[in-house]
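Reminder that position 193 of the sequence shown reads as 192 in numbering that gives the first Met the number 0, one-by-one numbering, no gaps.
In this text, a Cβ means the ideal position worked out from N, Cα and C, and glycines have one as well.
Just so we're clear, the structure is a prediction, and the values are computed from it rather than from any experiment.
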Amino acid sequence: MARVEHTVVVEGTDISFSVKKGETVLKAAARNKIVFPSLCNVGECGSCRCSLKKGQIRLKRDVSHQISDEQMVKGDILACQSILQSSVELHVPTLSPANSDDPEEAKKIEARIASVVPLNTDIVDLTLALKGPLTYHAGQFSLLFVPSHPVLSTEPRSYSLARGTSTESADTVQFHVRKVPGGVFTEWLFGEDRTGESVILEGPFGSFAWSEQEGKNSKVLFIAGGSGYAPVQALLEARRDTASIDATVVYGARTQADIYCADSVQKIQEQWQGSLRFVPVLSQEPEGSDWTGLRGFVHDHLQDVVEDLPGHSAYMCGPPPMIDACLGVLGECIETNNIHYDKFLDRSHISAEEVG
């Protein structure tokens, strides 16, 4: 048995736990029954982000797609990719006390399911009525616990908040949830009518948000696939009547029946200060259908549908293969600091070896 090498102390709490040699902080926390926010366990989702206050760690892999060099210098790390080089003290958003100057510090809020409305054949709009207000930034996500469920009561799932924010805290929130075969949360949610069920929301988390540099006359490209439209919708709503921005939304889907977001974009267009285009791309639309739009994969069409790509900022949300393919195109013509993305991982994108 590997001997205990170091200890993690969670700032501002009496929580501490041992870490074995070569073990990541996240795995050590799970072994000690300490609930860290997490989803993918492979450094892609960013949900286990925390801050190193004392001590030293080494990273298993490059995490610059989630944490910038500047943020890393300040101490931001991913627990799932951090191996201790000494005992450490960490600030963990879900465990450490909130900072008085950080109104968006994560917190737990009791809620109930107000409605589950189908958006297409495998994506629903999940609306929660909160028992307390939630303040968040468009683009962020929350963790959802189900107290009555043997797994989900302690192992939450993360979903992006689907609505833009205003100056008021939200007392209802919405998520776009895609049914994933074998997915614990989605099998539970889609299995029967869950209206009125109690859940616990924890959040907000995540740094996927409007860049401060996006202002008047900016050009922005949004790329979304599947339920990845949820944070894009939130970002669009947050800026629909505040800035003159020329935006293009490229949405990847399989067939016409899967395009659930056209009406949403149209409503936002009515208030958008600037131009807002919607370009769907279908990868599995039957050849004999009446579809006259683009076919194939999103990355194959970016150069054609967006003029002056180098002059754009890009925001992408969706499955990892789509994001990676688009990065291959955008990385050739858009500066890295102008490309923002959030990979939506589920069981289909994570191997048993990666999560074991």
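Simplified DSSP assignment, three categories, for valine 264: helix
Residues that leucine 326 bridges to, as DSSP identifies them: Answer is none; leucine 326 lacks a bridge partner.
DSSP three-state call for histidine 339: helix, strand or coil? strand
Using alpha carbons as the reference points, say which of Asp121, Glu201, His64 and Val304 lies closest to asparagine 336. His64
Under a Cβ-count criterion, where at least 16 other Cβ atoms within 10 Å of its own Cβ denotes burial, should asparagine 40 be classed as buried or exposed? buried
Specify the secondary structure class of threonine 171 as computed by DSSP and reduced to three states. strand
Quick check on DSSP: helix, strand or coil for serine 210? coil
Could you tell me the distance, in whole angstroms, from the CA atom of threonine 12 to the CA atom of valine 150? 25 Å
If distances are taken between C-alpha atoms only, which option among Asp257, Arg238, Ser288 and Arg294 comes closest to glutamine 268? Arg238
Would you mind stating whether glycine 310 and lysine 218 have Cβ atoms separated by less than 8 Å? yes
Decide if threonine 291 is buried, meaning its Cβ has at least 16 other Cβ atoms within 10 Å, or exposed. exposed
Hey, out of Pro132, Ser157, Ala128 and Asp245, whose CA is closest to leucine 142's CA? Ser157
Backbone secondary structure at glutamate 109 - three-state DSSP: strand
Check the C-beta distance from leucine 51 over to isoleucine 76 and give it rounded, since I have them as a contact under 8 Å. 5 Å
On the DSSP letters alone, give me the boundaries of the beta strand (DSSP E) that valine 24 sits inside. First-last for valine 24: 24-30, but that is the alpha helix (DSSP H), not the beta strand (DSSP E).
Look at the alpha carbon of glutamine 84 and the alpha carbon of valine 91, and state the distance between them as a whole number of angstroms. 19 Å
Which ranges does the alpha helix (DSSP H) cover as unbroken runs of at least 4 residues, wholly within the stretch 116-158, from first to last along the chain? none
So, under 8 Å CB-CB, alanine 233 and alanine 137 are touching, yes? Tell me the CB distance rounded to an integer number of Å. 4 Å
According to DSSP, simplified to helix, strand and coil, what is valine 8? strand
State the DSSP-derived secondary structure class of valine 18, mapped to helix, strand or coil. strand
Quick check: isoleucine 244 and glutamate 213, are their CB atoms within less than 8 Å of each other? yes
Member of Lys178, Gly224, Glu154 and Gly163 whose CA lies at the smallest distance from the CA of glutamate 201: Glu154
Between the Cα of aspartate 170 and those of Leu129, Leu160 and Leu188, spot the shortest distance and give me the residue it belongs to. Leu129
Using only the alpha-carbon positions, how far apart do cysteine 47 and aspartate 240 sit? 33 Å
Check whether the Cβ atoms of isoleucine 222 and alanine 313 sit closer than 8 Å, and answer yes or no. yes
Nearest residue (CA-CA) to leucine 118, options Val304, Ser282, Leu281 and Ala261: Ala261
Sort out for me which residues DSSP pairs cysteine 49 with in a bridge. Ile76
Starting from valine 219, trace the beta strand (DSSP E) in both directions and tell me its first and last residue. 217-224
Please classify glycine 327 as buried or exposed, where buried requires at least 16 neighbouring CB atoms within 10 angstroms. exposed
According to DSSP, is leucine 293 helix, strand or coil? strand
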